[in-house]
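K.L.:
Chains as they are written, first to last, in our numbering: chain A, 173 to 609; chain B, 746 to 954; chain C, 925 to 1158.
Where a beta carbon is used, it is the ideal one built from N, C-alpha and C, also for glycine.
1) Would you verify that the beta carbon of residue 927 of chain C is, or is not, closer than 9 Å to some beta carbon of chain B?
2) Under 9 Å between C-beta atoms, does residue 1069 of chain C make it to chain B?
3) If I'm right that residue 420 of chain A touches residue 471 of chain A with Cβ under 8 Å, what's the distance once you round it to whole angstroms?
4) Which whole-angstrom value describes the C-beta separation of residue 284 of chain A and residue 932 of chain B, a residue pair presumed to lie in contact below a C-beta threshold of 8 Å?
5) Where does residue 1006 of chain B sit, in a helix, a strand or coil, going by DSSP?
6) Excluding the 5 residues preceding and the 5 following residue 443 of chain A in the sequence, name in chain order all residues of the same chain whose CB lies nearer than 7 Å to its CB.
7) To the nearest angstrom, report how far apart residue 279 of chain A and residue 322 of chain A are at their CA atoms.
8) Determine the direct distance from the alpha carbon of residue 243 of chain A to that of residue 256 of chain A, and round the result to whole angstroms.
9) If you check the beta carbons only, do residue 777 of chain B and residue 811 of chain B fall under 9 Å apart?
10) I'd like to know whether the C-beta of residue 1100 of chain C is nearer than 9 Å to at least one C-beta of chain A.
11) Who are the near neighbours of residue 1127 of chain C in its chain, counting only those whose CB is closer than 7 Å to its CB and skipping five residues on each side?
12) Which residue from A:357, A:395, A:238 puts its Cα closest to that of residue 332 of chain A?
13) Please list, in chain order, the residues of the segment 819–841 of chain B that have any C-beta partner in chain A closer than 7 Å.
14) Could you tell me which residues DSSP puts in a beta bridge with residue 570 of chain A?
15) Return the chain-ordered list of same chain residues with a C-beta closer than 6 Å to the C-beta of residue 517 of chain A, the five sequence neighbours on each side being excluded.
16) At a CB-CB cut-off below 9 Å, which residues of chain B make contact with residue 265 of chain A?
17) Contact check, residue 946 of chain C vs residue 458 of chain A under 8 Å by CB: the rounded distance?
18) Find out if the Cβ-Cβ distance for the pair residue 837 of chain B, residue 1119 of chain C is shorter than 9 Å.
19) Specify, as a first and last residue, the run of the beta strand (DSSP E) that residue 1030 of chain C falls within.
20) Ignoring anything shorter than 3 residues, give me the beta strand (DSSP E) runs that lie fully in the segment 367–451 of chain A, in order along the chain.
21) What number of angstroms, rounded off, separates the C-alpha of residue 235 of chain A from the C-alpha of residue 1144 of chain C?
22) Straight-line CA distance for residue 1020 of chain C to residue 869 of chain B?
23) Look at the Cβ atom of residue 802 of chain B, then the Cβ atom of residue 814 of chain B, and state whether they are nearer than 9 Å.
24) If contacts are defined as beta-carbon pairs under 8 Å, then residue 896 of chain B and residue 853 of chain B qualify, I think. What distance do you get, rounded to the angstrom?
25) Does any residue of chain A bring its CB to less than 9 Å from the CB of residue 1061 of chain C?
26) Residue 862 of chain B to residue 369 of chain A, Cα distance in whole Å?
27) Using a 10 Å radius around the Cβ and a threshold of 16 neighbouring Cβ atoms, would you call residue 348 of chain A buried or exposed?
28) I think residue 422 of chain A touches residue 584 of chain A, with their Cβ atoms under 8 Å apart; what is that distance to the nearest whole Å?
29) Can you tell me which residues form a DSSP beta bridge with residue 257 of chain A?
30) In whole angstroms, what is the alpha-carbon distance linking residue 1098 of chain C and residue 1032 of chain C?
31) Below 8 Å between beta carbons is the criterion; list the residues of the segment 239–270 of chain A that meet it against any residue of chain B, in chain order.
32) Is residue 1131 of chain C helix, strand or coil when you go by DSSP?
33) On the premise that residue 1041 of chain C lies in contact with residue 982 of chain C, defined as a C-beta separation below 8 Å, what is that separation, rounded to the nearest angstrom?
34) With 9 Å as the threshold, decide whether the Cβ of residue 1129 of chain C is near any Cβ in chain A.
35) Please classify residue 600 of chain A: is it buried, with 16 or more other beta-carbons within 10 angstroms of its beta-carbon, or exposed?
36) Could you give the distance in angstroms between the alpha-carbon of residue 447 of chain A and the alpha-carbon of residue 461 of chain A?
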């Protein structure tokens, strides 16, 4: 087709007026005869812009960055040539503050870093602290913690699914899924008193035992949740738009994924069958019957499939946990870490002294260090604690899965289009609270 | 703590020379009613409060009945900035610029303890101890995170505030500028005085254990 | 289970003599079984391995600071070790300020299901420099940058060692050091003043977005109106 020789005026004024004060018009491409050329015209129409890259800034305030992430993209037209992520906009000094808090006082902090997976983080931290203290928790506590972790996995993936759909453009699954989150919120609230930032565990046990009838609520949820998930799947999995927008994006090969330190659904979608629950088990996960989904292509579509399947496997684990929940004490009977019951603390001198020491000074572990990793919905979540014998850790390190996962984003978005960047970013499932701490 | 109230906030003086009349009060009501019932929020969500904000906007608690379902992520089209979550120092110029980009009439809600005061648990080198040092705040919603009902109560308080505005009060729509020397909305001396070590934030008990 | 997935029941272990993984129970404080890698490291590197500790079932190997690169490379490449996953890189400073800072590497071997911790000591008074493992694990990129940001430890060989969590012109120091106070070195108002004046975002070349810079090109009557304080939306 004929090409024109035009100069395109890119005076992007914010007032709608060009440099001569006339109202700006978006120029239509016309050929020499004056006919309007349709929009499928090749870029050869605009020869002056060839070779000039554009720098686009996304964030830190942006609806689709899942928190305060700043991405600076170098674009060639609409194709990403380079991506430079900037983080730190939610850095709140968790690790430094951890050196000034007792171990039980750190549990609310663990809620707030990965705030979508609060119960899971509480469990992870408690496991790490119990390793440091050398405490074996009770059987009932173990099963309750499995229940908490898997519920947490379900609700975290729910948020991921809802917001991922919004990023791609589908709004309805968000509302359906958030209604399920509300059901879990109600259950968590009746258990521990809080919806989102739960502080479920304590060193040596749980903050509270489940109330009567809670297992019936959980059984009800476990029975009805798969149907809602099935509705979302019906809407998405074989949807041509969905498949068209997600297949082939951001693919990572298994070797690359391992080398970049990816973990969780990202690593499994790339074909590496590494799940901390299977490979370095905790809380007796080896006795539960569940599978881990492993994808093939490592692209965004596979990550979606892996997470949906993980939700179904979590439901499976919850069913088993409900059946095997034993009676018995929830907290370990160790006066060094667990507060005595109030009736004894107010009547028995020894209990009163234990209570006083624990509240004023806090439980003191022996000198040592421990690194405990769990499989959070985002990946391998680890807490590394170093103790010097005092009640506050010398170093509290949070190994955030999203942090390492996000560092691979420049590799994942190279060569893709701008709208794909949003989809890829959403598929990593980042939580800035965890990344920046 | 916070900003000093505007000089004639709740005091209605009757000035016989002014042109205020029955018509202007009806007009006031109309304009304020329109503004209060269609406050388009600019959700400046950073952390956990943003998730509770999303839950408030979802089906169970539903912000659409307040006219707030249209989240405006562009500050240019927003009425109320809801700062949901903790704001570290690195994010401070960003929220300042977002606030400056919002056109009048605009209001701000500090949702959660972190946005209101920095939250005792985040009294450290990295977190702004209350966004009212950086932007003028109208409503503070306590909670960590506030329950959706709490946020809605804060929104209703803001609606009440909006309904009590008068067009004759030109000062309401003046852009509140920070002090040019310090770039802050609260005097530096006041900030430092109120940010002294209080209670347990640095040491767990006063005895230092 | 949909057909797209390969249900994997026992992890990615390759060697058949790797024991089936189980939740650790009654882990001893000291004196647990050491990771076999520790002996292999001693055999391979001799004096570069200073000490091996087993605390709560985890093996910690103290290595010579400048040999870390070679050691990690060997752990990654050797067919009997295959530590293909870098979990974490961090540092620990103790409250006793005489003690050296320890730089910690957490490595995992997924085929053999092993976990090892390497530590290198940085005595106070000497420069805080350790080799980077960026060439071996790309995942070390941000982990090392964060370690630099929080402790001031330089990783030699890292292509782009800049501050990551704090802004690049951050003047107060390295936050996780023990001589850095919890609430920072400057007063609250001073911290706010510093960050508001630095404005780290305005560091890329999108001039069109800054109306002030294009002010000279605006038409005269618009410049007058803006100068008189006209605001949009009144």
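P.N.:
Walking through what the data contain:
1) Only weak support is given to the placement of residue 927 of chain C: the predicted model assigns it a pLDDT of 31, under 50, and the value that follows is read from those uncertain coordinates. Answer no: the Cβ-Cβ gap between residue 927 of chain C and chain B never drops below 9 Å.
2) no
3) 5 Å
4) Between residue 932 of chain B and residue 284 of chain A the Cβ distance is about 31 Å, and since that is not below 8 Å, they are no contact.
5) Because chain B here runs from 746 to 954, residue 1006 of chain B falls outside it and cannot be looked at.
6) 426, 466, 467, 468, 470
7) 18 Å
8) 6 Å
9) no
10) yes
11) For residue 1127 of chain C, the pLDDT reaches just 45, beneath the cut-off of 50, and the residue's location in the model is therefore unreliable, although a value from the coordinates is still provided. No residues qualify anywhere along the chain.
12) A:238
13) 831, 833, 835, 836, 839
14) A:555
15) 523, 524, 527
16) 833, 867, 869, 870, 871, 872
17) 5 Å
18) yes
19) 1025–1033
20) none
21) 37 Å
22) 22 Å
23) yes
24) Contact flag wrong, Cβ pair sits at about 14 Å.
25) yes
26) 19 Å
27) buried
28) 4 Å
29) A:243
30) 29 Å
31) 239, 240, 260, 261, 262, 263, 264, 265, 268, 269
32) Residue confidence is low: residue 1131 of chain C scores 31 on pLDDT, short of 50, so the model does not pin down where it sits. Its coordinate-derived value is still stated next. In this structure, residue 1131 of chain C counts as helix in the three-state DSSP scheme.
33) 6 Å
34) Note that residue 1129 of chain C has pLDDT 32, beneath the 50 cutoff, so the model's placement of it is unreliable and no number is given.
35) buried
36) 14 Å
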